[in-house]
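Numbering (this note's numbering), first residue to last: 263 to 601.
Beta carbons are placed, not taken as given, at the ideal position from N, Cα and C, and that holds for glycine.
Worksheet: one structure, shown below.
This is how it looks when you write it as structure tokens:
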């Protein structure tokens with residue numbers, strides 16, 4: 263009332279009782295299942311929160327509010343859904359707790375249970391977990407694909423060690439490239455569509471570091487990976503440490519380009535799936551088709567122009583040829599840890 267409130271306030275919820283229960287339906291039937299992550303990536307504010315799991319009974323109560331309103335599915339919001347119920351330092355998923363959660367919500371009458379975030383390391387640590395989740399959702403019967411967000415960020419071992427905390431656990435930083443490939447394979451086999459992120463322009467990033475991730479994108483194409491890879495420019499609280507398009511070097515531009523080449527390939531593959539989807543009517547299908555095609559065309563056109571501006575009129579083909587041919591690393595094979 264006095265107008266003297268600080269512009270930015272920091273507060274931490276110390277116990278679950280302080281998180282209010284929803285009073286009405288939520289956007290897209292999204293309910294909060296967890297807070298915090300525990301992975302400790304140095305660029306992420308979420309890791310400052312201690313991990314808290316909301317109990318099944320409460321989640322059922324909130325899910326029922328959305329289902330009674332008319333939603334036919336439930337989406338669980340979390341910073342790392344596959345760590346729900348996890349109480350071990352190796353970050354191995356608690357399969358029983360997660361499948362009990364999925365069954366408890368599906369049993370309310372939802373068609374399926376989706377989730378916003380998970381990690382490749384948790385997926386690869388227990389390949390049977392994603393299979394069981396998909397079976398509970400009946401994705402194996404309906405053929406339904408669900409999307410979820412996952413962070414790759416980088417697969418350069420020295421950057422992984424320095425910036426990604428324990429994101430790779432229960433695997434080592436050196437295995438991260440292989441973990442991502444294995445996790446992507448498991449997700450696709452079980453009808454999950456990854457929307458992954460890459461960070462470009464770490465303050466201490468070298469062209470050799472970037473090459474690791476370029477190689478991984480090439481491996482994605484070889485395995486016919488179904489998923490999108492969003493290249494993000496590194497942003498810091500300090501403007502001088504943040505990355506901008508005008509500062510991209512040849513290796514970083516190549517990675518950005520390769521990510522969008524992957525996305526263009528995948529989008530062209532999934533357009534027929536969208537057109538066959540009975541959820542959308544003909545006008546919506548035409549609209550989505552136009553948005554996808556026009557959007558990807560505009561992005562590739564922008565990148566071609568950016569390449570000429572950055573590198574004295576040279577074309578993307580001239581720039582990326584050098585990095586597409588060299589190979590810094592082959593994704594190492596990993597042995598997934600069985601529970």
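Selection from the options that minimises the alpha carbon distance to residue i
{"i": "residue 552", "options": "569, 566 and 534", "result": "534"}
{"i": "residue 571", "options": "515, 336, 532 and 529", "result": "515"}
{"i": "residue 389", "options": "292, 457, 378 and 443", "result": "443"}
{"i": "residue 445", "options": "489, 477, 421 and 468", "result": "489"}
{"i": "residue 659", "options": "486, 303 and 491", "result": "Residue 659 falls outside the range modelled here, since the chain spans only 263 to 601, and no answer is possible."}
{"i": "residue 289", "options": "299, 279 and 331", "result": "331"}
{"i": "residue 453", "options": "415, 392 and 493", "result": "392"}
{"i": "residue 480", "options": "508, 527 and 448", "result": "527"}
{"i": "residue 493", "options": "432, 504, 416 and 511", "result": "416"}
{"i": "residue 346", "options": "327, 312, 335 and 503", "result": "312"}
{"i": "residue 280", "options": "270, 464 and 314", "result": "314"}
{"i": "residue 322", "options": "375, 342 and 387", "result": "375"}
{"i": "residue 531", "options": "555, 576 and 298", "result": "555"}
{"i": "residue 398", "options": "373, 486, 297 and 418", "result": "373"}
{"i": "residue 334", "options": "380, 287 and 350", "result": "287"}
{"i": "residue 471", "options": "429, 424 and 448", "result": "424"}
{"i": "residue 326", "options": "447, 544, 284 and 408", "result": "284"}
{"i": "residue 277", "options": "270, 296 and 547", "result": "296"}
{"i": "residue 451", "options": "368, 412, 408 and 467", "result": "408"}
{"i": "residue 524", "options": "412, 487, 501 and 537", "result": "487"}
{"i": "residue 348", "options": "316, 402, 336 and 369", "result": "316"}
{"i": "residue 368", "options": "513, 337 and 270", "result": "337"}
{"i": "residue 405", "options": "538, 264, 320 and 547", "result": "538"}
{"i": "residue 282", "options": "350, 320, 501 and 573", "result": "320"}
{"i": "residue 513", "options": "420, 573, 501 and 357", "result": "573"}
Per DSSP, the bridge partner or partners of residue i
{"i": "residue 297", "result": "314"}
{"i": "residue 377", "result": "338"}
{"i": "residue 492", "result": "459"}
{"i": "residue 413", "result": "459"}
{"i": "residue 292", "result": "337"}
{"i": "residue 408", "result": "454"}
Proximal residues to residue i (C-beta, below 6 Å), its chain only, five neighbours per side dropped
{"i": "residue 394", "result": "361"}
{"i": "residue 339", "result": "292, 294 and 378"}
{"i": "residue 582", "result": "516 and 519"}
{"i": "residue 266", "result": "none"}
{"i": "residue 414", "result": "442, 458 and 460"}
{"i": "residue 448", "result": "385, 389 and 392"}
{"i": "residue 467", "result": "none"}
{"i": "residue 418", "result": "471 and 474"}
{"i": "residue 401", "result": "453"}
{"i": "residue 547", "result": "537"}
{"i": "residue 478", "result": "417 and 439"}
Beta-carbon spacing of residue i, residue j below 8 Å
{"i": "residue 318", "j": "residue 371", "result": "no"}
{"i": "residue 410", "j": "residue 456", "result": "yes"}
{"i": "residue 469", "j": "residue 353", "result": "no"}
{"i": "residue 439", "j": "residue 474", "result": "yes"}
{"i": "residue 505", "j": "residue 496", "result": "yes"}
{"i": "residue 585", "j": "residue 476", "result": "yes"}
{"i": "residue 511", "j": "residue 465", "result": "no"}
{"i": "residue 569", "j": "residue 563", "result": "no"}
{"i": "residue 545", "j": "residue 565", "result": "no"}
Beta-carbon contacts of residue i that lie in its chain and below 8 Å, excluding the five residues immediately before and after
{"i": "residue 427", "result": "301, 302, 303, 304 and 309"}
{"i": "residue 299", "result": "306, 308, 309, 311, 313, 341, 342 and 345"}
{"i": "residue 558", "result": "522, 525, 526 and 529"}
{"i": "residue 357", "result": "388, 390, 391, 394 and 601"}
Residue i Cβ short of 7 Å to the ligand MN heavy atom set
{"i": "residue 578", "result": "The ligand content of the structure shown is nil, which means the ligand MN is not present either."}
Sequence-distant residues of its chain with Cβ nearer than 7 Å to residue i (five each side left out)
{"i": "residue 561", "result": "522"}
{"i": "residue 429", "result": "301, 303, 381 and 383"}
{"i": "residue 422", "result": "416, 430, 435 and 438"}
{"i": "residue 499", "result": "none"}
{"i": "residue 600", "result": "Low per-residue confidence applies at residue 600: pLDDT is 49, beneath 50, and the placement is therefore not dependable, though the value from the model is reported in the following sentence. Answer for residue 600: no residue qualifies."}
{"i": "residue 364", "result": "375, 395 and 398"}
{"i": "residue 268", "result": "none"}
{"i": "residue 329", "result": "370, 371 and 372"}
### Task
May I have a chain-ordered list of the alpha helix (DSSP H) segments no shorter than 4 residues that lie completely inside the segment 440 to 489?
Every alpha helix (DSSP H) stretch that sits fully inside the segment 440 to 489 and reaches 4 residues is listed by chain position as 469 to 484.
### Task
Would you mind listing the alpha helix (DSSP H) stretches within the segment 511 to 547 that are 4+ residues and don't spill past its ends, in chain order?
512 to 538
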